[in-house]
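Colleague: Numbering (this note's numbering), first residue to last: 960 to 1165. The structure's right below; bear with me while I get my questions together.
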Amino acid sequence: MKYFLLVGLLFAFTSSFAQYTEKEKLAQMEQQREFEKARQIRAQMDSGIYYMDNEKYAIADEKLKYALSNMKSIPSDLTFYFGKNSYFIGKYKQSIDWLTKYIQLKGTTGQHSAEASDWLKKSEAMLLQQQTAETQKALEVLSKDYTIDCGPTGKVTCPICNGSTVIIKKDYFGETYKACTHCHQKGYLTCEEYNLLLKGQLKPSK
960 MKYFLLVGLL
970 FAFTSSFAQY
980 TEKEKLAQME
990 QQREFEKARQ
1000 IRAQMDSGIY
1010 YMDNEKYAIA
1020 DEKLKYALSN
1030 MKSIPSDLTF
1040 YFGKNSYFIG
1050 KYKQSIDWLT
1060 KYIQLKGTTG
1070 QHSAEASDWL
1080 KKSEAMLLQQ
1090 QTAETQKALE
1100 VLSKDYTIDC
1110 GPTGKVTCPI
1120 CNGSTVIIKK
1130 DYFGETYKAC
1140 THCHQKGYLT
1150 CEEYNLLLKG
1160 QLKPSK
């Protein structure tokens, strides 16, 4: 009886140990997968930094954004590099956001703190210029936004060929002549055609 009890206990222990070993093996495999995934993501980040340093800013942007999208927790140095590269691709507001994050995290003692502060100032200056230019553009009054009265004749000398009905192009071999594609070889546009031309809506004849 004791023999069978001992065998049963031994079998139960062996089975339990085997299950534990299998779980441990699965856990190790999962850890290895996570480690490899993290390594690949870090490689993409390092690649992005390399491309930025070599002035391939669009490629760097793709690499760094991939790292941002796939990292569970964003390291502070990535906030710096992404913010810096954003300046080079003209995304100044984005640059300000990420560089500010780096400075908030590291203060003045971080590895990139001084450089981050410099790029932040540049991004702020460029964003101000951009916003000023956009404001001025919004205030521009352009003729294409209005319908022009062409006078009693109802027509205007064709501005494409200057009324000659012919477009002259110069190249290395001399001059080439081509019939005007807008005035139908009349030398003028009707008022309707002229206003369409101003708006960029007058299609050339084939």
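Ideal Cβ placement from N, Cα and C applies to all residues, glycine included.
Should residue 1163 be flagged as near chain C, meaning a C-beta pair shorter than 8 Å?
Modeller: In summary, chain C is missing from the structure at hand, where a single protein chain is found.
Colleague: Let me know the beta strand (DSSP E) ranges lying completely inside the region 1079 to 1126, each 3 residues or longer, listed in chain order.
Modeller: Listed in chain order, the complete beta strand (DSSP E) runs (minimum 3 residues) inside the region 1079 to 1126 are 1114 to 1116.
Colleague: Determine the DSSP secondary structure at residue 1014, reduced to helix, strand or coil.
Modeller: In the structure shown, residue 1014 sits in coil (DSSP, three-state: anything other than H, G, I, E or B).
Colleague: Using C-beta distances below 6 Å, list every residue in its chain close to residue 1115, excluding the 5 sequence neighbours before and after it, in chain order.
Modeller: Cβ neighbours of residue 1115 beyond the five flanking positions: 1109, 1148, 1153.
Colleague: Return the chain-ordered list of same chain residues with a C-beta closer than 7 Å to the C-beta of residue 1073, the five sequence neighbours on each side being excluded.
Modeller: Cβ within range, chain order: n/a, list empty.
Colleague: Under DSSP, the beta strand (DSSP E) around residue 1136 begins and ends at which residues?
Modeller: Its beta strand (DSSP E) spans residues 1133 to 1138.
Colleague: Let me know the secondary structure DSSP gives residue 980 once reduced to three states.
Modeller: Looking at residue 980 - three-state DSSP - the assignment turns out to be helix.
Colleague: Please identify the residue among 1045, 1120, 1130, 990 whose C-alpha is closest to the C-alpha of residue 1018.
Modeller: When only C-alpha atoms are compared, the closest one is 1045.
Colleague: Since residue 1040 and residue 1000 should fall inside the 8 Å C-beta cutoff, what is the C-beta to C-beta distance between them, to a whole number of angstroms?
Modeller: Not really, about 14 Å apart at Cβ, beyond 8 Å.
Colleague: For residue 1067, list the residues DSSP reports as bridge partners.
Modeller: None, per the DSSP bridge assignment.
Colleague: Determine the contact status of residue 1058 and residue 1075, defining contact as a CB-CB distance below 8 Å.
Modeller: Yes, these two residues count as a Cβ contact at 8 Å.
Colleague: By a C-beta neighbour count over all protein chains shown, 10 Å radius and 16 as the cutoff for buried, is residue 1082 buried or exposed?
Modeller: Flag for residue 1082 reads buried.
Colleague: Rank 1131, 1130, 1126, 1132 by C-alpha distance to the C-alpha of residue 1141 and give the top, closest one.
Modeller: Among 1131, 1130, 1126, 1132, the Cα nearest to that of residue 1141 is on 1126.
Colleague: Ignore the nearest five residues each way along the sequence and tell me which others in residue 1119's own chain have a CB closer than 6 Å to its CB.
Modeller: If we look at residue 1119 and ignore the five residues flanking it on each side, its Cβ neighbours are 1139, 1141.
Colleague: How far does the beta strand (DSSP E) with residue 1148 in it extend, from its first residue to its last?
Modeller: Segment 1147 to 1149, the beta strand (DSSP E) holding residue 1148.
Colleague: Would residue 991 be called buried (16 or more neighbouring beta carbons within 10 Å of its own) or exposed?
Modeller: It is exposed - the Cβ of residue 991 has fewer than 16 other Cβ atoms within 10 Å.
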